[in-house]
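A quick write-up on the structure given underneath.
Residue numbers (the numbering used here): -9 to 262.
This is the structure in structure tokens:
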């Protein structure tokens, strides 16, 4: 089942209308959505590897690599892809490409010109004058366990981009000096004007026992932030718990003992 959002609904969520977009697009589906983009001759769309779903007509595909000075090596070390896919229309007629969300997520269109030309967020694909750059936050107070707290994707330009978010999406407008605390994994996108401080919510030993909401992001305005209610890692944790072996569910003490032994072994290996 496909649904085409009205221009008014798109404008309310992203600050643009479909008529204002340089390239027409259509968002299909409900939860795991697809964005269908019309490419005019010689136009192209940049997207993440593995996100292309379908094409109408002949579309050229080529890999683009992230330069080392733009944190491409850090992406590789943390298991992230260092390439992007460029889909170009080489023919004389208009053609279509479909870009799919990588999980049960919604796709939101964002006009970077409405956000000062810069945005930090979860990148899916972009059109026209949009440059994707990976940045590393090297301040010790902001370095946390997990790639999400270390690597960020910064988009700049005046083109149209698409972001992905799980569950419901809420937009918060922060005034100057206003402080807003949120779980780190729930942040979808935020403007570059927001100051971000990463803090641990409680003692670090809580991480040994798998406590949730351990890492909190303290945001200070001015700026705009988009929040998602169901991050992918939280959804994957629910699936992992659902498929746990019956013995582990029947006797949770075994799971606690096993986790304690694994963490103790890790401390012995990594310790001095």
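Positions of the beta carbon are idealized from the N, C-alpha and C atoms, including for glycine.
Which residue from the options puts its Cα closest to that of residue i?
i, options, result
"residue 165", "190, 206, 211", "211"
"residue 37", "144, 26, 113", "113"
"residue 226", "217, 160, 156, 169", "156"
"residue 216", "99, 17, 39", "99"
"residue 189", "181, 209, 182", "209"
"residue 107", "182, 222, 146", "146"
"residue 78", "95, 111, 97, 42", "42"
"residue 105", "18, 151, 232, 175", "151"
"residue 44", "30, 26, 54, 53", "26"
"residue 76", "101, 82, 92, 49", "49"
To the nearest angstrom, how far is it from the Cα of residue i to the Cα of residue j?
i, j, result
"residue 184", "residue 173", "16 angstroms"
"residue 21", "residue 46", "23 angstroms"
"residue 14", "residue 28", "6 angstroms"
"residue 162", "residue 230", "31 angstroms"
"residue 179", "residue 89", "19 angstroms"
"residue 121", "residue 224", "29 angstroms"
"residue 80", "residue 51", "10 angstroms"
"residue 16", "residue 220", "24 angstroms"
"residue 214", "residue 94", "24 angstroms"
"residue 110", "residue 186", "11 angstroms"
"residue 154", "residue 222", "10 angstroms"
"residue 175", "residue 84", "38 angstroms"
"residue 97", "residue 167", "30 angstroms"
"residue 40", "residue 115", "11 angstroms"
"residue 92", "residue 118", "22 angstroms"
"residue 24", "residue 160", "20 angstroms"
"residue 228", "residue 144", "30 angstroms"
Taking its Cβ as the centre, do 16 or more other Cβ atoms sit within 10 Å of residue i, making it buried, or is it exposed?
i, result
"residue 74", "buried"
"residue 207", "buried"
"residue 32", "exposed"
"residue 87", "buried"
"residue 34", "buried"
"residue 171", "exposed"
"residue 148", "exposed"
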